[in-house]
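Here the structure is laid out as structure tokens; the discussion comes afterwards.
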Amino acid sequence: MSNRNRDFARIFSRLAVLLISISILVSCSDDDGTGPVVTDPGIPEVENRVHTLINQYRVEQGLAPLTMADVMTTQARIHSRNMADGDVPFSHDGFEDRVEVIKTQINIAGAAENVARNSGFSDPAQISVNGWIDSDGHRNNIEGDYDLTGIGVSQSSGGVYYLTQLFAKSR
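So the sequence shown is numbered by the numbering used here: it starts at 96 and just counts up by one.
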């Protein structure tokens with residue numbers, strides 16, 4: 096065997112070992128998407144994209160756009176992080192508590208909440224918003240008589256995005 100062929104064989108075998116090692120590591124993961132939150136600099140962009148998409152939809156329906164409220168965003172982020180961490184199930188558990196916290200800072204007349212989760216998509220915001228619009232209950236929240244919103248996104252160590260959008264009507 097020539098030196099060139101030996102070099103090629105050595106590189107190929109190292110590459111094969113590397114690829115097999117990576118595939119074993121990935122396949123041995125027992126993460127169900129509820130582990131620690133991955134700090135992702137793209138999270139604020141996902142939150143902003145949800146806000147933009149929801150407001151575009153509302154305007155298309157002849158409704159006023161929603162204004163972001165800091166306390167609502169904080170509550171949405173906490174809920175998304177708790178779902179991503181597995182501290183609470185993927186649900187609306189604790190919604191009333193979030194509303195009570197919001198009421199300590201904003202005088203509101205009503206509130207609603209949408210949650211979503213997805214993974215493996217290049218645009219998790221679009222996937223979530225499309226899912227909400229395709230669901231009567233979620234769409235009713237989006238089209239509701241609200242003027243404020245808060246959006247929180249978190250990602251589990253398994254790459255699952257958890258999204259929470261809160262809606263409120265200020266008095």
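A virtual CB, placed ideally from N, CA and C, is assigned to each residue, including glycine.
These numbers come from a predicted model, not from an experiment.
Secondary structure of N225 (DSSP, three-state): helix.
Separation of M178 and N213 (C-alpha to C-alpha, rounded to the nearest whole angstrom) is 12 Å.
Looking only at A207, L258 and R176, the smallest Cα-Cα distance to N225 is reached by L258. Residues of the same chain with a CB within less than 8 Å of the CB of R234, apart from the 5 flanking positions on each side, are W227 and I228 in chain order.
Distance from the CA of R176 to the CA of D240, rounded to the nearest whole angstrom, comes to 27 Å.
Judged by DSSP in its simplified three-state form, Y256 adopts strand. Closest option to V210, judged by alpha-carbon separation, among N236, V154 and R266: N236. Under the DSSP assignment, V210 falls in the beta strand (DSSP E) whose first and last residues are I203 to N213.
Per DSSP, L243 is one residue of the beta strand (DSSP E) stretching across L243 to Q250. Under DSSP, F262 shares a beta bridge with A207 and T244. For T162, the three-state secondary structure derived from DSSP is strand. Per DSSP, the unbroken alpha helix (DSSP H) holding H146 starts and ends at I138 to E155. With fewer than 16 neighbouring CB atoms inside 10 Å of its own CB, T162 falls in the exposed class.
DSSP places V183 in the coil class of the three-state scheme, outside both helix and strand. Sorting G215, N150 and P219 by C-alpha distance to the C-alpha of A159 places N150 at the top. Assigned with DSSP and collapsed to three states, G189 falls in coil, not helix or strand.
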